[in-house]
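One structure below.
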Amino acid sequence: NLIQFANAEDKQEFSKFPTKAGRRSLSRSISQSSTDSYSSAASYTDSSDDETSPRDKTQVNSHGSSEFCVKNIKQAEFGRREIEIAEQDMSALISLRKRAQGEKPLAGAKVVGCTHITAQTAVLIETLVALGAQCRWTACNIYSTQNEVAAALAETGVSVFAWKGESEDDFWWCIDRCVNAAGWQANMILDDGGDLTHWVYKKYPSVFKKVRGIVEESVTGVHRLYQLSKAGKLCVPAMNVNDSVTKQKFDNLYCCRESILDGLKRTTDIMFGGKQVVVCGYGEVGKGCCAALKALGAIVCITEIDPICALQACMDGFRVVKLSEVIRQMDVVITCTGNKNVVSREQLDRMKNGCIVCNMGHSNTEIDVASLRSPELTWERVRSQVDHIIWPDGKRVILLAEGRLLNLSCSTVPTFVLSITATTQALALIELFNAPEGRYKQDVYLLPKKMDEYVSSLHLPNFDAHLTELSDEQAKYMGLHKNGPFKPNYYRWVSRRFMFMLKSVFQTEDMLETCMSVE
Numbered sequence: 003n004l005i006q007f008a009n010a011e012d013k014q015e016f017s018k019f020p021t022k023a024g025r026r027s028l029s030r031s032i033s034q035s036s037t038d039s040y041s042s043a044a045s046y047t048d049s050s051d052d053e054t055s056p057r058d059k060t061q062v063n064s065h066g067s068s069e070f071c072v073k074n075i076k077q078a079e080f081g082r083r084e085i086e087i088a089e090q091d092m093s094a095l096i097s098l099r100k101r102a103q104g105e106k107p108l109a110g111a112k113v114v115g116c117t118h119i120t121a122q123t124a125v126l127i128e129t130l131v132a133l134g135a136q137c138r139w140t141a142c143n144i145y146s147t148q149n150e151v152a153a154a155l156a157e158t159g160v161s162v163f164a165w166k167g168e169s170e171d172d173f174w175w176c177i178d179r180c181v182n183a184a185g186w187q188a189n190m191i192l193d194d195g196g197d198l199t200h201w202v203y204k205k206y207p208s209v210f211k212k213v214r215g216i217v218e219e220s221v222t223g224v225h226r227l228y229q230l231s232k233a234g235k236l237c238v239p240a241m242n243v244n245d246s247v248t249k250q251k252f253d254n255l256y257c258c259r260e261s262i263l264d265g266l267k268r269t270t271d272i273m274f275g276g277k278q279v280v281v282c283g284y285g286e287v288g289k290g291c292c293a294a295l296k297a298l299g300a301i302v303c304i305t306e307i308d309p310i311c312a313l314q315a316c317m318d319g320f321r322v323v324k325l326s327e328v329i330r331q332m333d334v335v336i337t338c339t340g341n342k343n344v345v346s347r348e349q350l351d352r353m354k355n356g357c358i359v360c361n362m363g364h365s366n367t368e369i370d371v372a373s374l375r376s377p378e379l380t381w382e383r384v385r386s387q388v389d390h391i392i393w394p395d396g397k398r399v400i401l402l403a404e405g406r407l408l409n410l411s412c413s414t415v416p417t418f419v420l421s422i423t424a425t426t427q428a429l430a431l432i433e434l435f436n437a438p439e440g441r442y443k444q445d446v447y448l449l450p451k452k453m454d455e456y457v458s459s460l461h462l463p464n465f466d467a468h469l470t471e472l473s474d475e476q477a478k479y480m481g482l483h484k485n486g487p488f489k490p491n492y493y494r495w496v497s498r499r500f501m502f503m504l505k506s507v508f509q510t511e512d513m514l515e516t517c518m519s520v521e
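Per the working numbering, residue 3 is the first one in the sequence shown, and the count goes up by one each step.
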């Protein structure tokens, strides 16, 4: 036996780990999928409570429908309370629901979704239904589903196919059940990670004849869409929600600023003061993580490939280093780049005893976890989502969530932040579904600035915030409309002075924006 266990309970727990075959496998294909994002530690029941696969059960909701597959439909009442709690901090999305409910802007929409099935996303799903949509849903992460929430959705009539602790075979089966439904064909796709879109292209390409658009939330999924577009294979318009201001500046930054500490504390009980921490990547996620860690007294350094982000890190007071230069001294290593093999086996071998390794990026490809499943290393499960990887010399590295996204694999994220993202997703679906023919071509689009501003304005009443209004003279002086948009499309990238300098070279703003949009 290559893996040594501390006791019989550990061995039983480990029996749920990845194997090469069988429906109980929890492995995921790195090359095919990216289901490594949100997961709730606050779920009412763990998947280990009942070993019977939901696929082997016959369940019926109170309306007599069996068109769903969840862990236990009897948990619906508890899940309803979870959703009601989430609604209290998602007032903007509820406001959108009330404003548009009479108009039914999604009447006729058949939305197939692959996201994290939590109380917060349930509020989004039920908003789409209230706006006229029919929905079928599955989870984009094998660990993300709150079983009681999935049951609550199934009880209301939403066809949900998801449960916490799916195997790889289960994962793709659930996606297939969502897409391949008798007498029902999707005309809108809401994806997080690109797995649903990938499956439709692979198995049911004819579905795209009726699909009006794709809304994608994650950096991984957006990257896949751009690849399809570049290859001329994207056959419907797609909305890039990930790069909207409301996603980047709020979900990515503020959400991670709070949830990184929550995830680390729950899993390791670590004290941050004086700890040496390296954060790989200084994008919005990295900025949020670094701000939180620094505030609690951690000594933080950064790795970066982008000189602009590296300069920002320097100006914020962080050392920018190469991982190989500091790996031996680090107490905590956090990845948040969206790339692959950011932490290699060679670097894992050089880590000191007790080093904590975790990922805050979307995909589990950032840490070379596959290389750790080797005969010379011993895996010891010490807590849910916490493994000690033991080297032959006795050194232990603490791996969290098997390299998957830490915050919702091991804790939760702030509901209010998810309201911002969910509202953006709902508006993107409404825009694509109702857009006149020809407005959007077979390409990837960013949300209009006006839509970002509208989402933000819906959330301001939570803080009793009061916007200042421009006078006619001020609006004319700035060249703006009094009601917005208040920033040009290039605002997030460079300063206004630099833009005036570039305009003199490129002659037109359109030419400038075209050049600056090239990656």
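Where is the CB? At the ideal position from N, CA and C, for every residue including glycine.
Exposed unless 16 or more other CB atoms sit within 10 angstroms - verdict on residue i
i: CYS248; result: According to the sequence displayed, residue 248 carries Thr and not Cys. When all chains shown are included, THR248 counts as buried.
i: SER169; result: buried
i: SER413; result: buried
i: GLY285; result: buried
i: ALA94; result: buried
i: ARG82; result: buried
i: HIS65; result: exposed
i: HIS468; result: exposed
i: LEU98; result: buried
i: ILE216; result: buried
Three-state secondary structure (DSSP) of residue i
i: TRP495; result: Low local confidence applies: a pLDDT of 39 at TRP495 is under 50, so the model's placement there is unreliable, with the coordinate-based value given in what follows. TRP495 falls in the coil class under three-state DSSP.
i: MET190; result: strand
i: VAL62; result: coil
i: CYS1; result: Missing from the structure shown is residue 1; the chain here goes from 3 to 521 and no further.
i: GLY115; result: strand
i: CYS282; result: strand
i: CYS338; result: coil
i: GLN136; result: strand
i: ALA141; result: strand
i: THR305; result: strand
i: LEU95; result: helix
i: SER411; result: helix
i: LEU266; result: helix
i: VAL72; result: coil
i: TYR442; result: coil
i: LEU130; result: helix
i: SER459; result: helix
i: SER146; result: coil
i: VAL160; result: coil
i: LEU448; result: strand
Nonlocal neighbours in the same chain, by C-beta distance under 6 Å from residue i, ignoring five residues either side
i: GLY115; result: TRP139, LEU192
i: CYS282; result: THR305, THR337, THR339, VAL344
i: ALA294; result: ARG259, ILE262, LEU263
i: GLY405; result: ASN361, ASN366, ILE369, VAL371
i: ALA1; result: Only positions 3 to 521 of the chain appear in this structure, which leaves residue 1 out of reach.
i: ILE272; result: LEU266
i: GLN103; result: ALA132
i: LYS484; result: LEU472, ALA477
i: GLY290; result: LEU255, CYS258, ARG259
i: MET453; result: LEU429
i: GLN61; result: ILE75
i: THR423; result: LYS249, ASP253
Own chain residues within Cβ distance below 7 Å of residue i, not counting five before or after
i: LEU522; result: Any answer about residue 522 is impossible in this case: the structure gives the chain only from 3 up to 521.
i: SER411; result: SER41, TYR145, GLN387, ALA403
i: VAL457; result: THR248, ILE422, THR425, THR426, LEU429
Rounded Cβ spacing between residue i and residue j (contact assumed at less than 8 Å)
i: VAL113; j: LEU130; result: 6 Å
i: GLY110; j: GLY134; result: 7 Å
i: VAL213; j: VAL181; result: In fact, because the Cβ distance is near 11 Å, the residues do not count as touching under 8 Å.
Cβ-based neighbour list, residue i, same chain, cut-off 8 Å, excluding 5 preceding and 5 following
i: VAL280; result: VAL302, CYS303, ILE304, THR305, VAL323, LEU325, VAL328, ILE329, MET332, VAL334, VAL335, ILE336
i: SER68; result: THR60, GLN61, VAL62
Closer than 7 Å: residue i CB and nearest the ligand FMN heavy atom
i: GLU471; result: As far as ligands go, the structure on display features none, and thus does not contain the ligand FMN.
Whole alpha helix (DSSP H) elements within the region 173 to 255, 4-residue minimum: 197 to 205, 221 to 232
Uninterrupted alpha helix (DSSP H) stretches inside the region 341 to 406 (no shorter than 4 residues): 347 to 352
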